[in-house]
Amino acid sequence: MSGLSRIGVAIDSELLRKFDRLIARRGYTNRSEAFRDLIRDELVQRTWESPHSQVVGTITLVYDHHVRLLNEKLTDIQHDFHRSILSTLHVHLDHDYCLEVVVVKGAVSEVQKVADILISMKGVKHGRLTISASGTELA
Ligand code: NI
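Residue numbers (our numbering): 14 to 152.
Here it is as structure tokens:
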């Protein structure tokens, strides 16, 4: 055991209310255990493939297109990583929000890098990288 550390997290009240409902449905009796499990799950997902493995995947982004220059920044990043990006699907969800699905292919480390950059951009409300194996590896 390395000892316990206490941290403070600033979180939007509405988001926290939704989080509490979610963890209650999953049977958690306190937030700390739910946070720990989320962190563990994320760490496990990042180690289950070696960084040099070739994969295909999708990066799903939901973002507010009114955030200044966000569209341009997201496009610039995709051009920087054009060797890893096969295609992008854009859907105008409503007046404010866009959904983008970016199809990626390449080394896990490269695919993860572009996903992390896109998902962490200010104005991106939700993002998720889904990694899959290529068809021949699934045979
Ligand atoms: Ni749009």
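Even for Gly, the Cβ is constructed at its ideal location relative to N, Cα and C.
Residue i Cβ short of 7 Å to the ligand NI heavy atom set
i: H139; result: no
i: H108; result: no
i: H79; result: no
i: H105; result: yes
Three-state secondary structure (DSSP) of residue i
i: S100; result: strand
i: D107; result: coil
i: I52; result: helix
i: A152; result: Because A152 sits at a pLDDT of 45, beneath the cut-off of 50, its placement in the model cannot be relied upon, and the point is left open.
i: L87; result: helix
i: L131; result: helix
i: V124; result: helix
Range covered by the alpha helix (DSSP H) that runs through residue i
i: L28; result: 26-38
Enclosing beta strand (DSSP E) for residue i [first to last residue]
i: G120; result: Rather than Gly, the amino acid found at residue 120 in this sequence is Ala. Element bounds for A120: 110-120.
i: H95; result: Neither: H95 is in no beta strand (DSSP E) and is coded neither H nor E.
i: V68; result: 67-77
i: I20; result: No beta strand (DSSP E) holds I20; DSSP gives it neither H nor E.
i: V137; result: 137-145
- [ ] Mind the definition here: the stretch 124-133 touches the stretch 87-96 only if three or more C-beta pairs lie below 8 Å; say whether that holds.
- [x] Cβ pair count under 8 Å is three or more, so yes.
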